[in-house]
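Worksheet: one structure, shown below.
Numbering (the working numbering), first residue to last: 11 to 585.
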């Protein structure tokens, strides 16, 4: 891999699960109902059935675009994407054309730790800016093909970023349409943001978003007897059309990602944003959020793109990371041996930790895109877009910065807490009026103890007996050294199960620590008298033996002595 560089782009599909009805009909959205109970002539594709767009779904995609710094396109339309497969009874999927509701956005990733060392040095600076522009201009994807073959009122001119008027849209929409489509042909290298490496080895990398478009999900296929749920080797295949027609948004990145770690971080960040917006539960286990990863290799320092393969339906952050890592190594081995990479769709097999070929990749021509004659073009008003913007909540990055600023907690903890609206609300209530050490202990409890307890108990936060005031009270006990950290774990579990105040639990169980040096000094003297060998080992330079002596002091005090104070008294006595 010293000679090769990966180029990665993602296509992230998210079902709008918090809506009540499907995208083009009034059928109930459901995941758990009996198969084929929430269907109608529209989602079954019966002759004569006409679709009616879900207005709330359009609001959701506009919010998703605003939250990811996209340009909201006022004029767009739906197309028919044809393919013959039983998961779509009408044999076409209703989706958007070259102009999506949201286009040309950006999210910045902060990459730290070991993952920061994976990005090659050739992927920084001016050379990377030229590479990004070249990759975007030369990328072959559905959007570029559709702009060429299916212009929505405008067509690309002969020069990059030049548009010519067509016959579809008149007036001011022409200029807006040109701006939306111009971005598909190339980028101005002078204005491109590039990754910046920091002194500690971490870096910030901007990931461009090409588009977020709206479409309908397909039905659920159940392959009975197939290995890992796949059709190969299955005895029979069953179809549940309850999912067919579910509103789905697809976010497509530019090929700006360079490592599997960046891909994982991007999807995690996007999930936090969508959960905060309240547009989806983003459950990767249930399939309401899934990802396709496009990856190719090129010689380090090159700006040209290699032949890409697509990893389909990756349904966990680990699958995304591991699947890309495997595919990068596989392609490198093929290329090093003088072989050829074919453009194809591959499947990640987690149990065997490998990718296998599914099919040769389709092109826009295969899908026979054309505007849906049953759906009128959309013309979003400024008032509609402003209404969506006014409903945006505080986003995770802004909330993280506020937590760091107002409570003084660690940035990593603030990011984890800010990503879940329910947990963030709980933390704010628990940390109200606190700062510094006490607020950080609240953060530690929320980041470590809270999820561990909820997983073990199998309950949601809203179903638990935990109260923010009790977490604040426990944090104060820990901050004042009234109890040890080990005791804090015990008290947290007790108050979570019973709903009792931690002060009461500590007093009833006799857990309150003694932090009086005068009361603990006789215990220290007694332990040193009983353990002369260990005392001498410490004096001879064996620092580790101090832990043994502290343990003896805790045992002698029946667990009520302050271990930090014991540590200080022992060091003083042995010096």
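For every residue, glycine included, the Cβ atom is placed at its ideal position computed from N, Cα and C.
Rounded to a whole number of angstroms, what is the C-alpha to C-alpha distance between residue i and residue j?
| i | j | result |
| --- | --- | --- |
| residue 202 | residue 216 | 9 Å |
| residue 47 | residue 273 | 37 Å |
| residue 344 | residue 350 | 7 Å |
| residue 530 | residue 569 | 12 Å |
| residue 85 | residue 382 | 15 Å |
| residue 559 | residue 571 | 13 Å |
| residue 388 | residue 64 | 12 Å |
| residue 452 | residue 406 | 19 Å |
| residue 341 | residue 327 | 21 Å |
| residue 425 | residue 300 | 22 Å |
| residue 75 | residue 431 | 19 Å |
| residue 141 | residue 577 | 57 Å |
| residue 78 | residue 398 | 13 Å |
| residue 45 | residue 52 | 17 Å |
| residue 129 | residue 363 | 23 Å |
| residue 288 | residue 579 | 53 Å |
| residue 512 | residue 260 | 47 Å |
| residue 495 | residue 447 | 14 Å |
Once the 5 residues before and after residue i are set aside, which same chain residues still bring their CB inside 6 Å of it?
| i | result |
| --- | --- |
| residue 354 | 319, 367, 370, 371 |
| residue 99 | 54, 55 |
| residue 262 | 21, 220, 221 |
| residue 182 | Bear in mind that a pLDDT of 44 at residue 182, under 50, signals an unreliable position, so the number given afterwards is only what the model happens to contain. Excluding sequence neighbours, residue 182 sits near nothing in its chain. |
| residue 253 | 227, 229, 230 |
Name, in chain order, the residues that DSSP records as bridge partners for residue i.
| i | result |
| --- | --- |
| residue 106 | 88 |
| residue 584 | Paired residues: none, contrary to the question. |
| residue 370 | 354 |
| residue 304 | 19, 320 |
| residue 430 | None; residue 430 has no bridge partner. |
| residue 232 | 248 |
| residue 259 | 24, 224 |
| residue 115 | 219 |
| residue 284 | DSSP output for residue 284 lists no bridge partner at all. |
| residue 206 | 214 |
| residue 388 | 86 |
| residue 551 | Its beta-bridge partners do not exist; DSSP assigns none. |
Residue i: buried (16+ other C-beta within 10 angstroms of its C-beta) or exposed?
| i | result |
| --- | --- |
| residue 58 | exposed |
| residue 443 | exposed |
| residue 211 | exposed |
| residue 281 | buried |
| residue 636 | Since the first residue shown for the chain is 11 and the last is 585, residue 636 is missing from the structure and cannot be characterised. |
| residue 286 | buried |
| residue 115 | buried |
| residue 251 | buried |
| residue 101 | exposed |
| residue 586 | The structure shown does not extend to residue 586, since the chain is modelled only from 11 through 585, so no value can be given for it. |
| residue 403 | exposed |
| residue 457 | buried |
| residue 526 | exposed |
| residue 241 | exposed |
For residue i, I'd like the list of residues in its chain whose CB is within less than 8 Å of its CB, leaving aside the five on either flank, ordered along the chain.
| i | result |
| --- | --- |
| residue 67 | 26, 29, 33, 224, 257 |
| residue 566 | 533, 536, 537 |
| residue 298 | 24, 25, 27, 41, 290, 291, 292 |
| residue 433 | 427, 456, 460, 471 |
| residue 205 | 129, 133, 134, 138, 213, 214, 215, 216 |
| residue 583 | 534, 535, 538 |
Once the 5 residues before and after residue i are set aside, which same chain residues still bring their CB inside 7 Å of it?
| i | result |
| --- | --- |
| residue 503 | 463 |
| residue 490 | none |
| residue 296 | 41 |
| residue 596 | Here the chain covers residues 11 to 585 and nothing more, so residue 596 does not appear. |
| residue 236 | 242, 243, 244 |
How many whole angstroms separate the CB atoms of residue i and residue j, which I take to be in contact at a CB cut-off of 8 Å?
| i | j | result |
| --- | --- | --- |
| residue 213 | residue 126 | 6 Å |
| residue 395 | residue 82 | 5 Å |
| residue 104 | residue 94 | In fact, because the Cβ distance is near 16 Å, the residues do not count as touching under 8 Å. |
| residue 303 | residue 275 | Wrong, their Cβ atoms sit about 14 Å apart, outside the cutoff. |
| residue 294 | residue 325 | 5 Å |
| residue 265 | residue 18 | 7 Å |
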